[in-house]
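Keeping their order, the protein sequence lines are chains A and B. Each residue of the first sequence is one higher than the last, beginning at 1 in our numbering. Each residue of the second sequence is one higher than the last, beginning at 1 in our numbering. Cβ atoms here follow ideal geometry from the backbone N, Cα and C, with glycine treated the same way. Have a look at the structure below before the remarks.
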Amino acid sequence: MRHLSAVAAVADDPVVVPGADRLLRGADLWLARRVDGHGPGRHRSIRLGEGLELADIREYTPGDDVRTIDWNVTARTGRPHVRVYDADRDVTVLVVADRSASMGFGTANATKDRLARELVAAVAAMVVRRGDRIGGLLFDEERAGGMRAASGRRAALRLLHAMEAAPPKDRTAARMDLALTDAGRMAKRRSVVLAISDWIDAGAWEEPLRLLAYRHEVIAAEIRDPREDTLPDVGTVVLEDPETGRQLEVDTGIAGLREAFETAAAQQRAARAASFARARASHLIVSTDRDWRADLIKYLTLRKKGRR
Amino acid sequence: MSPLALTFLDGGRLWLLALLPLLIALYVGQQRRRRAYAMRFTNLSLLAAVAPKRPGWKRHVSAAMILVALMLLGGAFARPATDVRVPRGRAAVVLVVDVSRSMRATDLSPNRMAAAKTASLAFVDSVPGEMELAVVSFSNAAALLAPITRDRAVVRGAIDRLEPIAGTAMGEGLAVALDEIARARQAEGQAIPASVLLLSDGVSNLGRPPEEAADTATEMDVPVYTVGVGTEGATLEFNGQLIPVDVDEVTLRAVAEATGGEYFRSGDTKTLAAVYKNLGSVLGYDLEQREVTAAVAGLAGLILLGAAIAGTLLTNRIP
Numbered sequence: 001m002r003h004l005s006a007v008a009a010v011a012d013d014p015v016v017v018p019g020a021d022r023l024l025r026g027a028d029l030w031l032a033r034r035v036d037g038h039g040p041g042r043h044r045s046i047r048l049g050e051g052l053e054l055a056d057i058r059e060y061t062p063g064d065d066v067r068t069i070d071w072n073v074t075a076r077t078g079r080p081h082v083r084v085y086d087a088d089r090d091v092t093v094l095v096v097a098d099r100s101a102s103m104g105f106g107t108a109n110a111t112k113d114r115l116a117r118e119l120v121a122a123v124a125a126m127v128v129r130r131g132d133r134i135g136g137l138l139f140d141e142e143r144a145g146g147m148r149a150a151s152g153r154r155a156a157l158r159l160l161h162a163m164e165a166a167p168p169k170d171r172t173a174a175r176m177d178l179a180l181t182d183a184g185r186m187a188k189r190r191s192v193v194l195a196i197s198d199w200i201d202a203g204a205w206e207e208p209l210r211l212l213a214y215r216h217e218v219i220a221a222e223i224r225d226p227r228e229d230t231l232p233d234v235g236t237v238v239l240e241d242p243e244t245g246r247q248l249e250v251d252t253g254i255a256g257l258r259e260a261f262e263t264a265a266a267q268q269r270a271a272r273a274a275s276f277a278r279a280r281a282s283h284l285i286v287s288t289d290r291d292w293r294a295d296l297i298k299y300l301t302l303r304k305k306g307r308r
Numbered sequence: 001m002s003p004l005a006l007t008f009l010d011g012g013r014l015w016l017l018a019l020l021p022l023l024i025a026l027y028v029g030q031q032r033r034r035r036a037y038a039m040r041f042t043n044l045s046l047l048a049a050v051a052p053k054r055p056g057w058k059r060h061v062s063a064a065m066i067l068v069a070l071m072l073l074g075g076a077f078a079r080p081a082t083d084v085r086v087p088r089g090r091a092a093v094v095l096v097v098d099v100s101r102s103m104r105a106t107d108l109s110p111n112r113m114a115a116a117k118t119a120s121l122a123f124v125d126s127v128p129g130e131m132e133l134a135v136v137s138f139s140n141a142a143a144l145l146a147p148i149t150r151d152r153a154v155v156r157g158a159i160d161r162l163e164p165i166a167g168t169a170m171g172e173g174l175a176v177a178l179d180e181i182a183r184a185r186q187a188e189g190q191a192i193p194a195s196v197l198l199l200s201d202g203v204s205n206l207g208r209p210p211e212e213a214a215d216t217a218t219e220m221d222v223p224v225y226t227v228g229v230g231t232e233g234a235t236l237e238f239n240g241q242l243i244p245v246d247v248d249e250v251t252l253r254a255v256a257e258a259t260g261g262e263y264f265r266s267g268d269t270k271t272l273a274a275v276y277k278n279l280g281s282v283l284g285y286d287l288e289q290r291e292v293t294a295a296v297a298g299l300a301g302l303i304l305l306g307a308a309i310a311g312t313l314l315t316n317r318i319p
C-alpha cells in the first residue's frame, strides 16, 4: 500500500521521494502525538511565528470597534486609542540551510545534516498543519538550491527533497553571510527565517543576520556536535577540515592542549551566542548527541513565554 | 692505524646500503603527501589556533633511529672487521746500542747516550711481557750485555750500564746480536720470530762491514730496524779538535731495507723516545683482523628497540 502510494506520488510529482516523505510523515506523527493530547486545537499549540500581527495603534475614530480599544494607551495619553491588527494571515517560514561539508560531520547519534533535515521536517509538519507557507534556501559556498514559499504538503516535501538532492559536499565552505543576505532579498513579506548551520567558520554573518532580523523574525538554529567542543585522548592523529581540506597533525595526548581546545571552544560558543543576541536573532541549539525534539519543544515553549 | 679503522670482509654487500636513500626519499615523500587516513574534524581552525605547530622533531626520532639501525644492519651484512692489537706470543728483540765516543755529543739533551738509554727503557716498558729481549753494545768491539731473556731486570740493568767508549764496530754489534738469536733458536729447537733494533750515531769504522751482517740477517729472516741518532752537522770536541759526528744514513737505511726492517731518523730526545715506543708496539704486537659483525648487529638491535620505545612514547605509533 505504502509502496503503491509512493509510486503514485512519484508519478504525480517527480520531486517527491520516499525519503523526504517518510521524514515528513514521521515528524507529523510525532507532532500529532505531542500536540493533540494537550490543548483545545492544533493551531494554537506549537507554531512558529504569530498569525495575528499588530499593525498599528492609532487614535479612535468613530466607527471603530470599541472592543479594539487599548486601555493602557488610552489611559496614558488621555485620548482613546485602538489596536489595529492585520487579518489572521498565514505565516511564511523561510528555511536557510547550510549544506557545506561540515554539515556532513557527526560523531554521536546522527550527522549534523540528518539533524538539520529532521528539524526542517518537524518545522514543515507544523507549517503544513497550520496551512502556512514554507520556502527554502540552500547554501554552501554559493546558492545550492532553493524554492519559493508555498503552502501545502507538497511544498514541504519539495524543500525536504531539495535538501536530500544537495547533500553536504566535500571541500565546500559555508557562506552563511551570503545566504542570509540572499534570504533578505528573497523574503518579500515579513517571514520567520529559520537559519540552520553549525555557524563555525561560516563567514562574517553577524551583520547580515542583524539586517535580516530587523525586518524578519530570525531563528538561528545551531547544530552542534560534541566532537567540536572536546578532543579525545588518542595520541597523535592527522585531522582534516572537510571544508578546506587543510590537514593538521596534533598530539592529543597533551592534556594541556585538550584543555586549551575545550576552553577555546567554550569561548567560541559564547561568542556565537553573543553574536546572535546582538543581531536580535533567537537562538535554538540542537546537538547530535541530544534529543533534538526535546530541545525544539523547550525552545518553542520558552519563546512563547518570553512573548507574553 | 687506529683500532676503529673498519674493513669489510664482504665489501660488495655494502651496495645494499644504496637502498637507504630510497627509503629516506620514500619517508620524506610520505611526510609531504596528504595523509589518506586523516580524520574529519570540522572545528579545525580553532584547534589550529591552540595547537602547537606539529610535534616537530619528535615525530622523526623513531624514524631516524630505524634508519641508523638499518644502516648498521647493512654494514653488518658486509661482515665488518677491525684491526686488533694482539700481543705476540713468542718473539725476541735484540737491542743493539752504539756506545762509540760520539754518543757523548750533546745535540740531544742531556747527551745522545742518556737519550738512547731513556728511549730503550721506554721500549722495554712498551712491549708485552711475553716478549724476550737482549741487549748488545758495540764500540771497538761488540759485547752481549744481556742474553735473550724474559727477565726485565736483567735487560734494564744492561741498559743502565751502557757507557760511551771509543770506535763504531757496527757490523760486529749486528753479528753478536745475530749469533745470540741463532743460539736461542738452537736452544729452543725452533725458529722463534726475532728482530734487531739497532741504534747508531756514526759511521762504521771497525770490524766487518754492516752490509755483510745484514746479509746474514736476511738469511736468518731477522728484520733489522735501524735508528739514526743525532742532528745534522753535529760535532764533538775531542782532544781539542772538533770532529764531525754525522749519522751514516745511507748504511743504516740499506741495512734496514735489505732485511725487511725500517729506518728511523731522530734529531732530539722526544722523537727518539717516540720512535722506540712506536717500535715497541710494532714489534710487540700483531695487528689482527677480527670480525665484529655480531657487535654491530647487536647495536642495531638495541637501536631498533630504542626506536620502538621512542615511537610508542613520543608519537604513539611506530612509523
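Does the distance from the C-beta atom of residue i to that of residue j stay below 8 Å?
i              : j              : result
residue 272(B) : residue 105(B) : no
residue 201(B) : residue 98(B)  : yes
residue 20(B)  : residue 73(B)  : no
residue 275(A) : residue 219(A) : no
residue 174(B) : residue 224(B) : yes
residue 317(A) : residue 19(A)  : No answer is possible for residue 317(A): it lies beyond the span of chain A, which begins at 1 and ends at 308.
residue 258(B) : residue 194(B) : no
residue 197(B) : residue 287(B) : no
residue 127(A) : residue 108(A) : no
residue 37(B)  : residue 238(A) : yes
residue 151(A) : residue 90(A)  : yes
residue 96(A)  : residue 183(A) : yes
residue 103(A) : residue 116(A) : yes
residue 112(A) : residue 198(A) : yes
residue 236(A) : residue 249(A) : yes
residue 124(B) : residue 152(B) : yes
Using a Cβ-Cβ cut-off of 7 Å (strictly less than) and excluding sequence neighbours within five positions of residue i, which residues of its own chain qualify?
i              : result
residue 397(B) : The requested residue 397(B) does not occur in the structure, where chain B is confined to residues 1 to 319.
residue 173(A) : 100, 141, 201, 243 and 244
residue 22(A)  : none
Using the Cβ count rule (16 or more neighbours within 10 Å means buried), how would you classify residue i?
i              : result
residue 233(A) : exposed
residue 132(A) : buried
residue 149(A) : buried
residue 71(A)  : exposed
residue 170(B) : buried
residue 61(A)  : exposed
residue 277(A) : exposed
Within 8 Å (strictly less), CB to CB, does residue i reach chain A?
i              : result
residue 27(B)  : no
residue 39(B)  : yes
residue 290(B) : no
residue 43(B)  : yes
residue 35(B)  : yes
residue 61(B)  : no
residue 50(B)  : yes
residue 6(B)   : no
Would you say residue i reaches chain B, if we count a Cβ-Cβ gap shorter than 8 Å as a contact?
i              : result
residue 246(A) : yes
residue 105(A) : yes
residue 40(A)  : Its pLDDT being 40, under 50, residue 40(A) is placed unreliably by the model, and the measurement read from it follows with that caveat. No, residue 40(A) does not count as interfacial toward chain B.
residue 137(A) : no
residue 200(A) : yes
residue 237(A) : yes
residue 241(A) : yes
residue 220(A) : no
residue 102(A) : yes
residue 297(A) : no
residue 257(A) : yes
Compute every distance between the C-beta of residue i and the non-hydrogen atoms of the ligand MN, then say whether any falls below 7 Å.
i              : result
residue 138(B) : Annotation note on the ligand MN: not contained in the displayed structure, which lists no ligands.
Looking only at its chain, what residues have a beta carbon closer than 6 Å to the beta carbon of residue i, apart from the 5 residues adjacent to it on each side?
i              : result
residue 166(A) : 99, 138, 144 and 145
residue 110(A) : 288
residue 111(B) : 104
residue 101(B) : 164 and 166
residue 210(A) : 279
Less than 8 Å between the CB atoms is what I'm expecting for residue i and residue j, so what's the real figure, rounded?
i              : j              : result
residue 230(B) : residue 107(B) : 6 Å
residue 213(B) : residue 178(B) : 7 Å
residue 266(A) : residue 170(A) : Their Cβ separation, rounded to whole angstroms, is 28 Å, which puts residue 266(A) and residue 170(A) out of contact at 8 Å.
residue 300(B) : residue 69(B)  : 4 Å
residue 144(B) : residue 172(B) : That pair is no contact at about 11 Å.
residue 8(B)   : residue 78(B)  : 4 Å
Leaving out five residues on either side along the sequence, give the residues of the same chain with a beta carbon under 8 Å from the beta carbon of residue i.
i              : result
residue 121(B) : 156 and 159
residue 88(B)  : 128, 130, 131, 193, 283, 284, 285 and 286
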